[in-house]
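S.K.: Let me give you the structure first, and then I'll get to my questions.
2 protein chains.
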Amino acid sequence: MPESDYPDIRELHLFSDMADEHFLSLMRGAYVQNFPPQIELITEGDPSDFLHIILSGSVDLFSTWNGRETSMATVRPISTFILAATVKDAPYLMSAQTLEKSRIALIPSQDVRAVFDADGNFARAIVTELAQCYRSVVKVQKDLKLRTSLERLANYLLRKQKNAGGAAEFDLDYEKKRLASVLGMTPENLSRAFKGLQPYGVSVNGARVRIGDQEDLERFAKPNPLIDDFTT
Amino acid sequence: MPESDYPDIRELHLFSDMADEHFLSLMRGAYVQNFPPQIELITEGDPSDFLHIILSGSVDLFSTWNGRETSMATVRPISTFILAATVKDAPYLMSAQTLEKSRIALIPSQDVRAVFDADGNFARAIVTELAQCYRSVVKVQKDLKLRTSLERLANYLLRKQKNAGGAAEFDLDYEKKRLASVLGMTPENLSRAFKGLQPYGVSVNGARVRIGDQEDLERFAKPNPLIDDFTT
DNA sequence: CGCTATGTTGATCCATATCAATAAGTGTGG
DNA sequence: CCACACTTATTGATATGGATCAACATAGCG
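Just so you know, the protein sequences line up as chains A and B, in that order.
Once you know that position 121 of the first sequence is 121 in our numbering, the rest is easy, because the numbers rise by one and skip nothing.
Once you know that position 157 of the second sequence is 157 in our numbering, the rest is easy, because the numbers rise by one and skip nothing.
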């Protein structure tokens, strides 16, 4: 891996507190690759040989069963994915494919496990990261089980708006087909759901979304920090 | 906490490898309580002051939003729950209530975090446990998004059968109302789903389930290790 | 033994999926 | 740069899974 990539990775919570020596040992065994769009990086069920770190681009995590497919999450720089499989030395539960041209670092899983044993700060960082991942999935499960698709979309838009700085207008960051799958619905239903939010001041034009009256939408969506906050 | 409870707890993966000194320090700060059925032990949103360990009985983890409620999981002895909130020092994402008379140990969260820093084996055990929890929730999410309720029930029954030792008959281990909620459906729908599985050899009488032809049911259910295996 | 909660069944309604057709983008090669 | 092909998005019509409402049965439990 080119040393120019080190600083970006070092800044991740996961690596920021570990000893230089250990960090460098991980980096020396790692390599970086550029992938074109739509490349399947990993397939669910495969052994987890590498911890992946996305440096640029974006990656879709998805799962399949019996001919059906669903998007589980989207990963964006700079972050790791499939940490749980790596530390458990267990098969991947999700597949991953690049959505666009992406630069991805690969650290051999056994190196991660070895350094984990040697570096307390790294171990602690892994715990924090895993706890975060776990809590995120629990929130998604609550979203899926407690809300209708219209409510999920409304809350999704409010979350997006929030991390777009609260602007009334912002762009969806991936295609609607994928958004539909992430939210657990069909593209047709998503299309109608956007219509269904018009009475609450939501309008869409291509990827551009406008939230005309945030409070009105919130009255409908009833966002809840225990489902919608990504920081807690 | 009475010392007689120590051995059971010590056997948990989470505590089995840590130094005696640290284990005892955790136990000294902990206490054990007997709760009657239907007691709400924790409420989602509350600060996570204690790591809970269920010693006997059973506990339902559930969440609510906007007047709706759903069962997220059931915890049985001997295991911990709400580990992620404890290590992150973040609010509980789920509420917990006893389903029956239950004996529960409470370890102050700050003790857990302190010992975590001091004991590498404990840290490693926490990582493994968290990774396991994470992967379980991912499996549930796949189950919810990729399968119909009939398919979820069929696979649930096959899993139960498996850990009942493969017997053709076994008992559901909680009331159908709760099972319905766990599987993400209404009690009425569960009742009909059991009927819907009759053509595949499933019959029910109260809590007693009989799987007449496992292979036939499997042909319908299409169980998948990446969703239904709890060990991987 | 009755009371209350749970489970079943039926009728109906609603949300969402599916199927089909069209429109609008998007990228590619001439 | 345009024309074509192909994917994505929208819209409508319809089907269906599942929820809701209501009535009744049943099982625990005091």
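For every residue, glycine included, the Cβ atom is placed at its ideal position computed from N, Cα and C.
The structure displayed is predicted, hence computed values, not measured ones.
(1) Classify Q110 (chain A) as helix, strand or coil using the three-state DSSP reduction.
(2) On the three-pair Cβ rule with 8 Å, is the segment 27-47 of chain B touching the segment 100-116 of chain B?
(3) Give the secondary structure of E169 (chain A) by DSSP, where H, G and I count as helix, E and B as strand, and everything else as coil.
(4) Checking 9 Å against the spacing of the C-beta atoms, do K177 (chain B) and F170 (chain B) come in under that value?
(5) Take every Cβ of the segment 42-50 of chain B, pair it with every Cβ of the segment 106-121 of chain B, and state whether three or more of those distances are shorter than 8 Å.
(6) Hey, out of A:G196, A:S191, A:L183 and A:R219, whose CA is closest to T74 (chain A)'s CA?
(7) Determine the DSSP secondary structure at F81 (chain A), reduced to helix, strand or coil.
(8) Report all residues from its chain with a CB closer than 6 Å to the CB of R76 (chain A); omit the five preceding and five following residues, and keep chain order.
(9) Specify the secondary structure class of E151 (chain A) as computed by DSSP and reduced to three states.
(10) What are the boundary residues of the beta strand (DSSP E) that I39 (chain B) is part of?
(11) With a threshold of 9 Å between beta-carbons, can K222 (chain A) be considered close to chain B, or not?
(12) Helix, strand or coil, according to DSSP, for R208 (chain A) in the structure here?
(13) Ends of the alpha helix (DSSP H) at Q97 (chain A)?
(14) Is it buried or exposed for N205 (chain A), if we count other Cβ within 10 angstroms and need 16 for buried?
(15) Determine, for T80 (chain A), whether the minimum Cβ-Cβ distance to residues of chain B falls below 9 Å.
(16) Between K139 (chain B) and L93 (chain A), which are expected to be in contact by the criterion C-beta below 8 Å, what is the C-beta distance as a whole number of angstroms?
(17) Let me confirm a value: Q198 (chain B) is counted as buried when at least 16 other C-beta atoms fall within 10 Å, else exposed. Which label applies?
(18) Which of helix, strand or coil does DSSP assign to T128 (chain B)?
(19) Under 8 Å Cβ-Cβ, which residues of chain B neighbour V87 (chain A)?
(20) Is the shortest distance between the beta-carbon of K139 (chain B) and the beta-carbons of chain A less than 9 Å?
(21) Buried or exposed, going by whether 16 or more other CB atoms sit within 10 Å of the CB of A221 (chain A)?
(22) Please state the DSSP three-state secondary structure of A193 (chain A).
(23) What would DSSP say about R68 (chain B), mapped onto helix, strand or coil?
(24) Assign A207 (chain B) to buried or exposed, taking buried as 16 or more other Cβ atoms, counted over all protein chains shown, within 10 Å of its Cβ.
(25) What residue from A:A131, A:I39 and A:R68 has the CA that sits closest to L83 (chain A)'s CA?
(26) Does chain A have any CB closer than 9 Å to the CB of R147 (chain B)?
(27) Once DSSP output is grouped into helix, strand and coil, what is the label at A221 (chain A)?
(28) Interface residues of chain B around E44 (chain A) at Cβ under 7 Å?
(29) Which chain B residues are close to A84 (chain A), counting only those with a beta carbon under 7 Å from its beta carbon?
(30) Please list, in chain order, the residues of the segment 187-203 of chain A that have any C-beta partner in chain B closer than 9 Å.
(31) Between the alpha carbons of D173 (chain A) and S95 (chain A), how many angstroms are there, rounded?
(32) From the beta carbon of P108 (chain A), is the nearest beta carbon of chain B less than 9 Å away?
(33) Nearest-angstrom Cα distance between G165 (chain A) and S136 (chain A)?
(34) Suppose you measure from the CA of A168 (chain A) to the CA of T231 (chain B); what does that come to, to the nearest Å?
(35) Counting only C-beta atoms, is L55 (chain A) closer than 9 Å to chain B at any point?
(36) Just verifying my parser: in three-state terms, what is the DSSP assignment at F230 (chain B)?
M.R.: Let me lay it out:
(1) Within the first sequence, the letter at position 110 stands for residue 110 (chain A). The three-state secondary structure of Q110 (chain A), taken from DSSP, is helix.
(2) Three or more Cβ pairs drawn from the segment 27-47 of chain B and the segment 100-116 of chain B lie within less than 8 Å of each other, which places the two stretches in contact.
(3) Within the first sequence, numbered from 1, the residue matching residue 169 (chain A) stands at position 169. E169 (chain A) carries a strand assignment under DSSP once its states are collapsed to helix, strand and coil.
(4) For the purposes of this step, residue 177 (chain B) is identified with residue 177 of the second sequence, where counting begins at 1. For the purposes of this step, residue 170 (chain B) is identified with residue 170 of the second sequence, where counting begins at 1. No, these two residues do not count as a Cβ contact at 9 Å.
(5) At 8 Å Cβ cutoff, the stretches touch.
(6) The count along the first sequence starts at 1 and reaches residue 74 (chain A) at position 74. Comparing Cα-Cα distances from T74 (chain A) to each of A:G196, A:S191, A:L183 and A:R219, the minimum goes to A:L183.
(7) In the first sequence, the residue the question calls residue 81 (chain A) occupies position 81. Assigned with DSSP and collapsed to three states, F81 (chain A) falls in strand.
(8) Indexing the first sequence from 1 puts residue 76 (chain A) at position 76. Answer for R76 (chain A): S58, listed in chain order.
(9) On the first sequence, residue 151 (chain A) is found 151 positions in, with the first residue counted as 1. Here E151 (chain A) sits in helix by DSSP.
(10) Reading the second sequence from its first residue, position 39 is the one you call residue 39 (chain B). First-last for I39 (chain B): undefined, no H or E at that position.
(11) Working through the first sequence from its first residue, we reach residue 222 (chain A) at position 222. Yes, K222 (chain A) counts as interfacial toward chain B.
(12) The sequence position of residue 208 (chain A) within the first sequence is 208, counting from 1. The answer is strand: DSSP assigns R208 (chain A) an E or B state.
(13) The sequence position of residue 97 (chain A) within the first sequence is 97, counting from 1. From DSSP, Q97 (chain A) is part of no alpha helix (DSSP H) but of the beta strand (DSSP E) over S95 to T98.
(14) Position 205 of the first sequence holds residue 205 (chain A). By the 10 Å Cβ count, N205 (chain A) comes out exposed.
(15) Along the first sequence, one-based indexing puts residue 80 (chain A) at 80. Output row for T80 (chain A): interface = no.
(16) As a position in the second sequence, residue 139 (chain B) is number 139, starting the count at 1. As a position in the first sequence, residue 93 (chain A) is number 93, starting the count at 1. Confirmed, about 7 Å.
(17) Here residue 198 (chain B) refers to the residue found at position 198 when the second sequence is read from its first residue. It counts as exposed.
(18) In the second sequence, the residue the question calls residue 128 (chain B) occupies position 128. Helix at T128 (chain B).
(19) What you label residue 87 (chain A) is simply residue 87 of the first sequence in a count that begins at 1. Residues of chain B passing the Cβ test: V127, T128 and A131.
(20) As a position in the second sequence, residue 139 (chain B) is number 139, starting the count at 1. Yes, K139 (chain B) counts as interfacial toward chain A.
(21) Sequence index remark: in the first sequence, residue 221 (chain A) carries index 221 (1-based). The Cβ neighbour count for A221 (chain A), taken over all protein chains shown within 10 Å, is at least 16; the residue is labelled buried.
(22) In the first sequence, counting from the first residue as 1, residue 193 (chain A) sits at position 193. Per DSSP, reduced to three states, the secondary structure at A193 (chain A) is helical.
(23) Residue numbering aside, residue 68 (chain B) sits at position 68 when the second sequence is read from its first letter. R68 (chain B): strand per DSSP, three-state reduction.
(24) As a position in the second sequence, residue 207 (chain B) is number 207, starting the count at 1. Sixteen is the threshold: since fewer than 16 other Cβ atoms of the shown chains lie within 10 Å of the Cβ of A207 (chain B), the residue is exposed.
(25) Position 83 of the first sequence, counted from the start, is the residue given in the question as residue 83 (chain A). Among A:A131, A:I39 and A:R68, the Cα nearest to that of L83 (chain A) belongs to A:A131.
(26) Position 147 of the second sequence, counting from 1, holds the residue named residue 147 (chain B). R147 (chain B) counts as touching chain A.
(27) Indexing the first sequence from 1 puts residue 221 (chain A) at position 221. In this structure, DSSP gives A221 (chain A) a helical state, which the three-state scheme calls helix.
(28) Taking the first residue of the first sequence as 1, we reach residue 44 (chain A) at position 44. Those within 7 Å of E44 (chain A) in chain B are L226.
(29) Here the question's residue 84 (chain A) lines up with position 84 in the first sequence. Near A84 (chain A) (Cβ distances below 7 Å), the residues of chain B are A131, Y134 and R135.
(30) Of all residues in the segment 187-203 of chain A, none has a Cβ within less than 9 Å of some Cβ in chain B.
(31) Stepping through the first sequence from its first residue, residue 173 (chain A) is reached at position 173. Stepping through the first sequence from its first residue, residue 95 (chain A) is reached at position 95. Roughly 20 Å separates the two Cα atoms.
(32) Working through the first sequence from its first residue, we reach residue 108 (chain A) at position 108. For P108 (chain A), no Cβ of chain B is located within less than 9 Å of the residue's own Cβ.
(33) Position 165 of the first sequence holds residue 165 (chain A). Position 136 of the first sequence holds residue 136 (chain A). Distance between the alpha carbons of G165 (chain A) and S136 (chain A): 21 Å.
(34) If you number the first sequence from 1, residue 168 (chain A) lands on position 168. If you number the second sequence from 1, residue 231 (chain B) lands on position 231. Each residue's alpha carbon lies about 46 Å from the other.
(35) The residue you call residue 55 (chain A) lines up with position 55 of the first sequence. By this cut-off, L55 (chain A) is not an interface position.
(36) Counted from its first residue, the second sequence places residue 230 (chain B) at position 230. Correct three-state label for F230 (chain B): coil.
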